[in-house]
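Residue numbers (UniProt numbering): 1 to 144.
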């Protein structure tokens, strides 16, 4: 059973990480952004604020490619970077006001798509899924 659960989780993560789906969502939100930058942008929005190293680890990507995407996001005015107070060698990133506006547009689109996808689910089914996903996350985090 655990192998089937693991496969289902991998299927979900794979579907969520597909750049073709990201491109469609970005276009649907009316935002212009490369799919690779979008993934980094979403990671920064989720972690607010975060270091390049932590973000690269979260995304399973190398430091230099994440750093390049952050540079692009910063040049576009979506992200602000600054040295860590604790260690000036560490560069932290967070969304700018403009970045938060863009993220809000993307998040509205994401919510609409989730509502469409779960349109035939009962509120009880949705609550059950949420509770089980949180429980699974908590259980897996115990092994960190």
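By construction, the Cβ of each residue, glycine as well, lies at the ideal position given by its N, Cα and C atoms.
Counting along the chain, the unbroken beta strand (DSSP E) around residue 79 starts and ends at 79–83. Excluding residues up to 5 positions away in sequence, 51 and 84 lie with their Cβ nearer than 6 angstroms to the Cβ of residue 90 in the same chain. If you look at residue 113, you'll find it in the alpha helix (DSSP H) that goes 97–117. The DSSP-derived three-state label of residue 14 is helix. Looking at the DSSP output, residue 94 sits in a beta bridge with 80. For residue 65, the uninterrupted alpha helix (DSSP H) run begins and ends at 63–75, by DSSP. The alpha-carbon of residue 54 is positioned some 30 angstroms away from that of residue 112. Take the alpha-carbon of residue 49 and the one of residue 94: they are about 5 angstroms apart. Per DSSP, the beta bridge partners of residue 51 are 92. With a threshold of 16 other beta carbon atoms within 10 Å, residue 40 meets it and is buried. Residues of the same chain with their beta carbon placed closer than 6 angstroms to that of residue 101 are lacking, with the five preceding and five following residues left out of the count.
Residue 73 is a Cβ neighbour of residue 37, given a cutoff of 7 angstroms.
Taking the C-beta atoms as reference points, residue 25 is found nearer than 7 angstroms to residue 109. Burial state of residue 133 is exposed, judged by a 10 Å Cβ sphere holding fewer than 16 other Cβ atoms. For residue 137, the enclosing alpha helix (DSSP H) starts and ends at 123–141.
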